[in-house]
Amino acid sequence: AEGLTRLARGERPALADLMLTPANAQRLASRLSQMRGAVMKVGQLMSMDGHGLLPRHFAELLGGLRDRAHTMPATQLAEVLEREYGADWHRRFRRFSFAPIAAASIGQVHRAETHDGQLLALKIQYPGVKASIDSDMANLALLARTPGLVPAALDPSALLARVREQLQLETDYAAEARHATEYRRRLGSDPVLMVPAVHEEHCTAHIIATDFAPGVSVDQLTLPGVPQSQRDHVAATLSRLSMHEFFRMRLVQTDPNFGNYLFDAATGRVALIDFGATEAVSDARIEQLRELGRALRDADHERLTTAALAAGFIAAEDPPAQTRGVIAMMLIAGEPLQQRGPYDFGASDLFARTFTQGRAQFFGEGYARTPPPDLLFLQRKFIGSFMMCTRLRARLDLNAVFGAEL
C-alpha cells in the first residue's frame with residue numbers, strides 16, 4: 024500500500040514496494056494468465072528479465088505464465104478447427120488431442136497424428152487475438168505514462184510502436200512458417216540443434232503444423248536434481264546458437280522465452296519451436312555488433328565507446344557523464360566475456376549489478392536515449408542468452424564460445 028501511495032504522489036517507489044506481498048503477486052499473475060496478446064506477452068517478458076531483480080515470489084509466479092496461460096475451451100477449439108480445415112476436419116488426422124501441450128500469449132499447441140503415422144505439433148491461434156493488439160498496446164502506453172515507472176525524460180512511444188509491429192508479425196502465421204523453413208535451411212545439419220519441419224499442407228492463416236519435437240521446456244532444467252553437466256550442455260548449445268545466428272546465419276530468433284526451446288534428455292538435442300519473432304540482420308549491423316563484442320571482451324574503454332557510438336547506444340551530443348555511465352554499464356555486462364575459463368553464472372550477481380547501474384543511469388542521471396528499435400530486439404537475444412545461463416546456473420566459458428565468432 025505504501026508503494027502505491029508513493030506512486031500516486033508521483034514519487035518513484037522501489038519495485039519491491041509495489042509488489043510487496045505474495046497475495047498481490049498472485050492476483051496480478053493470475054490476471055495476466057487470463058489475458059492474451061500484448062498484455063500477457065509483456066508479463067512473460069517481465070518473467071524472463073526479472074529473476075534476481077523482482078521479488079522472488081513475484082518472479083516465480085510470472086514465470087508460470089509461460090506454462091499456464093488460459094486455454095480455449097474444447098467447443099471453441101472445435102469451432103476454430105472447423106473454420107480453418109472445414110466441417111470434416113477430424114478426417115484429416117488419425118488422432119488429435121484436445122488437451123493442449125502448451126499455451127502462450129498468441130496461441131496454444133496440440134498434438135496430432137496423420138494417417139501415415141506422422142506426429143505433428145499444431146499451433147493454433149486464439150480467435151480475435153490479432154484484433155486485440157491495438158487496444159492492448161493502448162493500455163500499455165497508458166501504463167508507461169504512470170509517474171515513476173519510466174524515466175521522465177524517456178519517451179517510450181518508439182519502442183511501444185516497435186512492440187506493436189512485432190506482435191502484429193507474430194500473429195502472421197504464414198510469415199512464421201516461412202521464417203521457420205528459412206531458419207531450418209540456414210541452420211543446416213547440426214548434431215545438437217534441430218528445427219522441426221513445417222508441413223504446409225496442414226498450415227492455414229491461423230494454424231502452423233510442424234513435426235512434433237520431443238522434450239521438455241528448458242525451464243525444467245532449473246529444477247533441483249538436474250545434473251550440472253546437462254545444464255552446462257544446454258547453456259553452451261544455446262549460447263553457441265546465438266552467435267551462429269548473428270554472425271553466420273544472419274537470421275535471429277529474437278524472443279528468448281524459455282518455452283521456445285525443448286530439451287530431449289534421451290538424445291541431448293535442443294529443438295527450436297517458435298519463429299514468430301525472427302529478424303534478418305544487415306551486414307552493417309553485424310559488423311557493428313562484432314566490433315562491440317570485441318571491445319567488451321577486451322574491456323577496451325576507448326574502443327567500446329567508439330563501437331557504442333557507431334551502433335547508436337550513445338550519441339556525440341550526450342553529456343560526457345552520461346556516456347561514461349553507459350560505457351560503465353556495458354563493461355559490467357561484459358564480465359562473462361572478459362573472463363577466461365568457465366564463468367559461474369549461478370554464483371554471479373551480474374544482472375543485479377547491471378540493473379542497479381541502469382536504474383542509476385536512467386532515473387538518477389536522466390539518461391533518455393534508447394538504441395534504435397531494431398537493436399533493442401537484437402539486444403534482447405544476447406540478454407536472453409545470458410539470462411538463460413543464469414537461470415540454468417551454468418558454468419560456461421563464454422570467452423571461448425563467443426571468441427570463435429568475434
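Numbering (our numbering), first residue to last: 24 to 429. The beta carbon of each residue, even a glycine, is placed where N, CA and C say it ideally should be. Computed from a predicted model, the values in this text were never measured in an experiment.
Spatial distance of residue 239 from residue 344 (CA atoms): 46 Å
Every unbroken beta strand (DSSP E) inside the region 266 to 291 [3 residues or more]: 274 to 276 and 284 to 287
Between the CA atoms of residue 371 and residue 413 - distance to the nearest angstrom: 8 Å
Residue 119 versus residue 103 - alpha carbon distance: 14 Å
DSSP state of residue 119 mapped onto helix, strand, coil: strand
For residue 254 and residue 215, the rounded distance between their alpha carbons: 14 Å
Residue from 131, 272, 258 and 334 with nearest C-alpha to residue 97: 131
Simplified DSSP state of residue 136, which is helix, strand or coil: strand
Residue burial classification, residue 278 (beta-carbon count within 10 angstroms, cutoff 16): buried
Given 8 Å, three or more beta-carbon pairs between the region 343 to 361 and the region 412 to 427: yes
Three-way DSSP call (helix, strand, coil) for residue 426 in this model: helix
Short Cβ contact (8 Å threshold) for residue 328 with residue 350: yes
Reduced DSSP category for residue 111 - H, G, I as helix; E, B as strand; rest coil: coil
At least three beta-carbon pairs within less than 8 Å, the region 194 to 207 to the region 286 to 298: yes
8 Å Cβ cutoff met for residue 242 and residue 281: yes
Distance CB(residue 315)-CB(residue 334) smaller than 8 Å: yes
Cβ pair residue 438, residue 261 closer than 8 Å: Here the chain comprises residues numbered 24 to 429, so residue 438 is not present and cannot be evaluated.
Candidates 190, 161 and 141, of which the one nearest residue 222 by Cα: 141
Exposure of residue 325, with buried meaning 16 or more beta-carbon neighbours within 10 Å: exposed
Straight-line Cα distance separating residue 212 from residue 113: 34 Å
Reduced DSSP category for residue 149 - H, G, I as helix; E, B as strand; rest coil: coil
DSSP beta-bridge partners of residue 131: 126 and 147
Three-way DSSP call (helix, strand, coil) for residue 415 in this model: coil
Bridge partner(s) assigned by DSSP for residue 217: 294
For residue 305, three-class secondary structure by DSSP: coil
Alpha-carbon to alpha-carbon, residue 190 and residue 117: 33 Å
DSSP state of residue 232 mapped onto helix, strand, coil: strand
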